[in-house]
Amino acid sequence: MLKCILFIGLGGAGQRHLRLFRENLSGNDIELIAYRTTNKTPLLNPDFSVNQKDSIEDFYKVNIYNDLEDVLALKPDLVVISTPSSLHLEYAQLCAEQGLNIFVEKPISNSIKGLLTLRDTVKKNNVAIQVGFQRRFHPHLSKINEIIKSKKIGQILTVNFTVASYIPRWHPYENYLNLYACRKDLGGGVLLTEIHEIDLTVWYFGAPESVVCVGGTYSDVGMDVEDTVSLTLDYIKFLVQINLTFWQKHHERSFSISGEGGYLSWNQDDNLLVEEYFDDTDGNEQHSNPSLGNDDMFDLQIKSIIQDMNSKNSDTNMNDSIVSMKIIEAAKESMSKGRVIKLDKDGS
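Mapped onto our numbering, the consecutive letters of the sequence shown carry residue numbers 656 to 1003.
Set out below in structure tokens:
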């Protein structure tokens, strides 16, 4: 039973987690505490507009500390890390060394450096760790994983992901150029920020053999990170194509998976999963869930943490996160060198 939860970072992501944990634990004897190094982000409404009537402390009944040692000494049952990506690993390592369970926002870090040490510490101290890949909890996306693992669509042939959004519209309460996603020093760039599809690929298919990527900064507003990329992951028997941009005004999130025996497609706008089978058309199905929103996926992950936060899946969670980070580092190397990069599988 969770009695005390520490939130490190209370920006947009941190406040969403705080809100959902509080809603799910309503009526329980739960202490909510937080550590902040700045008070830059005010109290936000669920739609990320600013709530000017109240403060985070009063609205959520959360005690805020500015000394990390003091707050870690309280030995919370769970630490929720929602800082800029470049700080995730530092805080996760500190918590793991003290045997504290961790829920860290994606990506787990902005670099592969130090992740193997974190994995070893997590294992040594029997720490439960989850990364904020809430899309694994979407009913359609988890069903796709089951279909792939059952080989119902046969040998995979091609996979195509498309993710497009317009970052100036993300956070109306702040200048988007100050957002972590737009700054290299904070662990930004579209590869790290939109890592979800890379994570889904690892979840569905494991690690690829090689990566090739083209892309860069195509906006002209002064960002020092890539805003658009196209990467291809080679699995020897099939390819996965992932197109990512946060500089497109037409929003899109969709993918398709083609196999020898069937075809799957999903799009977020309609929340529609289509199953098509070539030899057994009676198995063709459509699954629609238009009311399921982004908050619902976060809520499902948080419910799973509350119900069963233990270390049994920590190895898998860490290993998948490490593979995703290796794919991103290979993609960046491919962009800079203009060639295919073989994925380093040592230690993963």
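Ideal placement from N, C-alpha and C gives every residue a C-beta, glycine not left out.
So, with DSSP's three-state summary, where would you put residue i?
i: Q941; result: strand
i: L847; result: helix
i: R994; result: coil
i: W825; result: coil
i: Q670; result: helix
i: Y746; result: helix
i: A819; result: strand
i: N718; result: strand
i: F860; result: helix
i: T900; result: strand
i: I767; result: coil
i: I784; result: strand
Counting only the same chain and skipping the five closest in sequence on each side, list residues whose C-beta sits under 7 Å from that of residue i.
i: S989; result: V866, V867, C868, V995 and I996
i: E984; result: I767
i: K839; result: D879 and V880
i: L739; result: Sequence inspection shows Pro at residue 739; the Leu mentioned does not correspond to that position. Closer than 7 Å at the Cβ level, and outside the excluded window around P739, lie Y835, L841 and G842.
i: V952; result: Note that residue 952 is Met in the sequence shown here, rather than Val. Taken in chain order, the residues that qualify are Q789, R790, F792 and H793.
i: S681; result: none
i: C837; result: I822, Y831, G843, M878 and V880
If residue i sits next to residue j, beta carbons under 8 Å apart, how far is it from one beta carbon to the other, in whole angstroms?
i: E881; j: L846; result: 6 Å
i: I688; j: F676; result: Rounded, the Cβ-Cβ distance is 12 Å, inconsistent with contact.
i: L947; j: N922; result: Contact flag wrong, Cβ pair sits at about 13 Å.
i: F901; j: T848; result: 7 Å
i: I961; j: L657; result: 6 Å
i: L894; j: I799; result: At roughly 18 Å, the Cβ-Cβ gap does not stay under 8 Å, so L894 and I799 are not in contact.
Given this structure, state the Cα-to-Cα distance separating residue i from residue j, to the nearest angstrom.
i: S885; j: K716; result: 44 Å
i: V857; j: Q789; result: 14 Å
i: Y746; j: S913; result: 40 Å
i: D1013; j: N974; result: Summary: the structure shown does not reach residue 1013, with the chain confined to residues 656 through 1003, and so no result is reported for it.
i: E801; j: D954; result: 21 Å
i: I711; j: K992; result: 46 Å
i: V929; j: E752; result: 45 Å
i: S909; j: F714; result: 36 Å
i: P697; j: N830; result: 14 Å
i: N706; j: L673; result: 15 Å
i: P827; j: Y932; result: 43 Å
i: S911; j: G938; result: 18 Å
i: I897; j: I803; result: 18 Å
i: H851; j: S979; result: 9 Å
i: S757; j: L742; result: The question names Ser, but residue 757 in the sequence shown is Ile. So the alpha carbons of these two residues sit roughly 14 Å apart.
i: Y873; j: F703; result: 27 Å
i: Y821; j: G877; result: 15 Å
i: N694; j: K708; result: 16 Å
i: L796; j: K806; result: 16 Å
i: L771; j: D963; result: 25 Å
i: D935; j: I891; result: 28 Å
Ignore the nearest five residues each way along the sequence and tell me which others in residue i's own chain have a CB closer than 6 Å to its CB.
i: Y690; result: I663, Y720, L723 and V726
i: N1005; result: Residue 1005 lies beyond the range of the chain shown here (656 to 1003); nothing can be said about it.
i: L899; result: V818, V845, E849 and V884
i: G871; result: E881
i: D889; result: P863, E864 and S865
i: W825; result: none
i: I808; result: G914, G916 and G917
i: I784; result: I757, V777, S969 and N972
i: I811; result: F893 and G914
i: C750; result: V734 and I757
i: Q941; result: V929
i: E907; result: T817 and A819
i: S943; result: L927
i: L744; result: S764 and G769
Using C-beta distances below 8 Å, list every residue in its chain close to residue i, excluding the 5 sequence neighbours before and after it, in chain order.
i: R774; result: D970, M973, N974 and I977
i: N679; result: D954, I957, K958 and I961
i: D684; result: K658
i: Q748; result: G769, T772, L773 and T776
i: D950; result: R671, L675 and P701
i: G754; result: N780, N781 and V782
Worksheet entry | Meets three-Cβ-pair contact criterion under 8 Å: the stretch 729-746 and the stretch 666-684 | Touching, per the Cβ criterion.
Discussion item. Across the stretch 756-765 and the stretch 689-703, are there enough close Cβ pairs to call them in contact, namely three or more that are closer than 8 Å?
Written reply: Not touching, per the Cβ criterion.
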